[in-house]
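There are 4 protein chains.
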Amino acid sequence: MPAANPQPRRAHSGPRRDEAARLAVLHAADDLLAELGFGALTIEAIARRAGVAKQTIYRWWPSKVEILLDTLIEDSEKQVPVPTEPTAAAIRDYVHGFTRFVADEPAGKVLLALIAEAQHHPATAIDFHERYFAPRRDRERAMLTHATDAAEISPKLAIDATIDALIGPIVYRAMIGSPTPADLVETLFEDLLRPKAP
Amino acid sequence: MPAANPQPRRAHSGPRRDEAARLAVLHAADDLLAELGFGALTIEAIARRAGVAKQTIYRWWPSKVEILLDTLIEDSEKQVPVPTEPTAAAIRDYVHGFTRFVADEPAGKVLLALIAEAQHHPATAIDFHERYFAPRRDRERAMLTHATDAAEISPKLAIDATIDALIGPIVYRAMIGSPTPADLVETLFEDLLRPKAP
Amino acid sequence: MPAANPQPRRAHSGPRRDEAARLAVLHAADDLLAELGFGALTIEAIARRAGVAKQTIYRWWPSKVEILLDTLIEDSEKQVPVPTEPTAAAIRDYVHGFTRFVADEPAGKVLLALIAEAQHHPATAIDFHERYFAPRRDRERAMLTHATDAAEISPKLAIDATIDALIGPIVYRAMIGSPTPADLVETLFEDLLRPKAP
Amino acid sequence: MPAANPQPRRAHSGPRRDEAARLAVLHAADDLLAELGFGALTIEAIARRAGVAKQTIYRWWPSKVEILLDTLIEDSEKQVPVPTEPTAAAIRDYVHGFTRFVADEPAGKVLLALIAEAQHHPATAIDFHERYFAPRRDRERAMLTHATDAAEISPKLAIDATIDALIGPIVYRAMIGSPTPADLVETLFEDLLRPKAP
DNA sequence: AAGTAATCGAGACGGTACGTCATGTCTTAGC
DNA sequence: GCTAAGACATGACGTACCGTCTCGATTACTT
Chain A
1 MPAANPQPRR
11 AHSGPRRDEA
21 ARLAVLHAAD
31 DLLAELGFGA
41 LTIEAIARRA
51 GVAKQTIYRW
61 WPSKVEILLD
71 TLIEDSEKQV
81 PVPTEPTAAA
91 IRDYVHGFTR
101 FVADEPAGKV
111 LLALIAEAQH
121 HPATAIDFHE
131 RYFAPRRDRE
141 RAMLTHATDA
151 AEISPKLAID
161 ATIDALIGPI
171 VYRAMIGSPT
181 PADLVETLFE
191 DLLRPKAP
Chain B
199 MPAANPQPRR
209 AHSGPRRDEA
219 ARLAVLHAAD
229 DLLAELGFGA
239 LTIEAIARRA
249 GVAKQTIYRW
259 WPSKVEILLD
269 TLIEDSEKQV
279 PVPTEPTAAA
289 IRDYVHGFTR
299 FVADEPAGKV
309 LLALIAEAQH
319 HPATAIDFHE
329 RYFAPRRDRE
339 RAMLTHATDA
349 AEISPKLAID
359 ATIDALIGPI
369 VYRAMIGSPT
379 PADLVETLFE
389 DLLRPKAP
Chain C
397 MPAANPQPRR
407 AHSGPRRDEA
417 ARLAVLHAAD
427 DLLAELGFGA
437 LTIEAIARRA
447 GVAKQTIYRW
457 WPSKVEILLD
467 TLIEDSEKQV
477 PVPTEPTAAA
487 IRDYVHGFTR
497 FVADEPAGKV
507 LLALIAEAQH
517 HPATAIDFHE
527 RYFAPRRDRE
537 RAMLTHATDA
547 AEISPKLAID
557 ATIDALIGPI
567 VYRAMIGSPT
577 PADLVETLFE
587 DLLRPKAP
Chain D
595 MPAANPQPRR
605 AHSGPRRDEA
615 ARLAVLHAAD
625 DLLAELGFGA
635 LTIEAIARRA
645 GVAKQTIYRW
655 WPSKVEILLD
665 TLIEDSEKQV
675 PVPTEPTAAA
685 IRDYVHGFTR
695 FVADEPAGKV
705 LLALIAEAQH
715 HPATAIDFHE
725 RYFAPRRDRE
735 RAMLTHATDA
745 AEISPKLAID
755 ATIDALIGPI
765 VYRAMIGSPT
775 PADLVETLFE
785 DLLRPKAP
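Protein chains in written order, with my numbering: chain A, 1 to 198; chain B, 199 to 396; chain C, 397 to 594; chain D, 595 to 792.
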């Protein structure tokens, strides 16, 4: 039974979303956060810096949290992608990469700011979970499961507990203001994942 | 030439600080945070709720962060004091107590809110460090040092790293919204501190 | 001598002005004014109500005042035409008709709204003068002149002064919110124009 | 037993209304109306010009119409007070004064702007009536009544009709943009009030 | 007992940012 | 070349809090 979709519908007419404005907003938000901190990150300031009308921001983003989520998702995918090959070495690199991301990268500051904001507004918490945390956690889980199946690692804890025990200290230290030294990460990695001897 | 300051400057005159107002403010802040979240925690709302003039708040606290620090310091001292006897059991109780504090207590929410706020404002970070974090960390460090000396525990990591690896996952999970299960805490405790067999 | 312009230049191409859209706009403006008052009479609201794109309005009318002028000119010509026969009775009917127009007709409300708008924007004042007031005043003047020549009336004041003294109270009362009673109109008519005894 | 009023109540404490700010707002509104017209009379512009915070305006005036009413009431009382002595001469002066007020004075422009605004917003109409029009009309009525009783004048129309027939043309002409010549006022005065020969 | 000084409530003030609305200009696609 | 749709920069709207300030009343230490 063929039945082509019958909605011609008048697809849409008029101007499409202005990509230049979209990027200007994302960059302005990033820059302001890096330069002046979250406290100075107002919609008006973003609009001013981006050379864009306030209404253009409100048209596309319901809140400044969504702007930050957009930049975080794009940047974290580029800078610390969850590896897909299930080797101990890939996982080790990922954890070290994440440590550097959170400590040094502007986008890492965005991550911390969003976790912080989620403490203040329940709606932000939900948003953050749905758009950033849950998808990434799913991929991290898959990564560890495959590596365990391949006998690359043999975690002593359940899978989510393992991730929290690994990531938790890194994020906690970043929030407290003291970056995590590489050897602590290394020890946690060895200890929690017990990678097979090389 | 020594010459101690010769005039204590006219000790004081007029009414002293109104203790009832002080408590009303602290409780109002606590209640508002618990009921409506940090977003609704404005100085005006605290003053309204406490039945106190705004100026009375500004006279005694430079910012709402200081109000929260006051309640956090008082409540955390009561609800999760750092133990002084250097036994493995005491430390174990402390870690479980802290987990419960952060997950269930209003004052635990204050702690998370302050760590969050510290991400947004550098001044808050400094304040939080000086008034809450550093003193408590000092006592935690002493606790572990004494217990190690007494051979109650034998941590595999350096002392601060140990604390972060223990506390980090608990705080991280609380911030992410999933309370830490007791068995994860138990495993971290066993693993990181290696208490002497009972 | 042939050579009249042989090509009207491709007189026009593409669709001509959409009469349905034109009428929809005029009626939408009228309706909105009557239903919600001038305050709710925005270009966007007219476009919404008329089912027409904003640009279609801006293409044909420079401002909403012009829209109202269009409806006023059409409607006032229909509902209170300036009489051409120079008899006292015709003039009397005209004045009473105008009183009713201003008090009861939707288009009368448009007239008041435009006089009002002219107080707020000098450009509106000029527009109103050129397109509505001056042409009508010219015809009123002609009407009175002819009637005076025909000895139907013998005004005691100069001609413009007479019109203002007659129309002024009617418009003023309408603006103030109390419709003019017929006997006041009657008295003004008798008094100012002194029609010849019948 | 004299019985002093028993509410001591704590009459009021704290700063009273800032008279300088109040005057700055009234003058700024007046100036802006005169210089740029009603169209440019926004709350933000008034606040800017007056060097006052927007909230200070909203604290004391529910709308810009109330600001204008305040200036109109103060200024019209000063510049064209309704006379109290019931002589034909006083009334004559009043009508001429009113004509000048409406044509030349900034506050006269305020009057016209408010009548105009009343056409656009019913709430303004009510406000204008209650605060300016009705009180003044009452005094005008009293003035004419007393003068009639004293046989200074003998109006041929009912009292309100007389006032409308006198004031209407003056206001109408001002709105249409042509100031009323003194001789028209004179004729209307003579004609409608029939003052006793001097 | 009178004088002095700091407290408290109330709340006005100049500000900044909020999120919404209408403006008039513009761009795109369909008829 | 007109149309509907609608994105865009602009700027006012009215509200909420900010942190500073001033007022009167109250209360406790001087002297």
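For glycine and all other residues, C-beta sits at the position ideal for the given N, C-alpha and C. Only a predicted model underlies this, so the values are computations on that prediction, with no experimental measurement involved.
The alpha helix (DSSP H) that contains residue i, what's its start and end?
i: residue 60/A; result: 54 to 60
i: residue 233/B; result: 217 to 234
i: residue 137/A; result: 134 to 149
Smallest Cα separation from residue i: which of the options?
i: residue 151/A; options: 86/A, 101/A and 50/A; result: 86/A
i: residue 413/B; options: 245/B, 395/B and 332/B; result: Because chain B in this structure spans residues 199 to 396, residue 413/B falls outside the shown range and cannot be described.
i: residue 249/B; options: 340/B, 225/B, 231/B and 259/B; result: 225/B
i: residue 126/A; options: 103/A, 29/A, 69/A and 140/A; result: 69/A
i: residue 176/A; options: 327/B, 236/B, 242/B and 305/B; result: 327/B
i: residue 787/D; options: 764/D, 766/D, 741/D and 768/D; result: 741/D
i: residue 451/C; options: 445/C, 440/C and 461/C; result: 440/C
i: residue 530/C; options: 583/C, 458/C and 478/C; result: 478/C
i: residue 98/A; options: 116/A, 117/A, 114/A and 78/A; result: 78/A
i: residue 365/B; options: 239/B, 343/B and 334/B; result: 334/B
i: residue 549/C; options: 518/C, 565/C, 560/C and 587/C; result: 587/C
i: residue 109/A; options: 185/A, 119/A, 131/A and 38/A; result: 38/A
i: residue 311/B; options: 216/B, 343/B, 369/B and 214/B; result: 369/B
i: residue 303/B; options: 273/B, 330/B, 314/B and 290/B; result: 273/B
i: residue 395/B; options: 342/B, 287/B and 355/B; result: 287/B
i: residue 467/C; options: 420/C, 512/C and 487/C; result: 420/C
i: residue 320/B; options: 298/B, 294/B and 263/B; result: 263/B
i: residue 378/B; options: 186/A, 63/A and 163/A; result: 163/A
i: residue 34/A; options: 62/A, 103/A and 53/A; result: 103/A
Would you call residue i buried or exposed, if buried means 16 or more other Cβ atoms sit within 10 Å of its Cβ?
i: residue 749/D; result: buried
i: residue 14/A; result: exposed
i: residue 380/B; result: exposed
i: residue 432/C; result: exposed
i: residue 376/B; result: exposed
i: residue 454/C; result: exposed
i: residue 338/B; result: buried
i: residue 405/C; result: For residue 405/C, the pLDDT reaches just 41, beneath the cut-off of 50, and the residue's location in the model is therefore unreliable, leaving the point undetermined.
i: residue 569/C; result: buried
i: residue 203/B; result: Unreliable placement is indicated for residue 203/B, whose pLDDT of 44 sits below 50; the coordinate value is still reported in the next sentence. Answer is exposed; the Cβ neighbour count stays below 16.
i: residue 606/D; result: exposed
i: residue 743/D; result: exposed
i: residue 763/D; result: buried
i: residue 215/B; result: exposed
i: residue 291/B; result: exposed
How is residue i classed by DSSP in three states: helix, strand or coil?
i: residue 377/B; result: coil
i: residue 351/B; result: coil
i: residue 406/C; result: Only weak support exists for where residue 406/C lies, its pLDDT of 42 falling under 50; the value from the coordinates is given anyway. Here residue 406/C sits in coil by DSSP.
i: residue 195/A; result: strand
i: residue 570/C; result: helix
i: residue 610/D; result: coil
i: residue 399/C; result: Because residue 399/C carries a pLDDT of 41, less than 50, the predicted location of this residue cannot be relied on, and the following value inherits that uncertainty. It is coil, neither helix nor strand.
i: residue 158/A; result: coil
i: residue 365/B; result: helix
**OP:** Within the region 433 to 517 of chain C, note down every full alpha helix (DSSP H) run reaching 4 residues or more, in order along the chain.
**Re:** The region 433 to 517 of chain C contains these whole alpha helix (DSSP H) runs: 439 to 446, 450 to 456, 460 to 475, 484 to 500 and 502 to 516.
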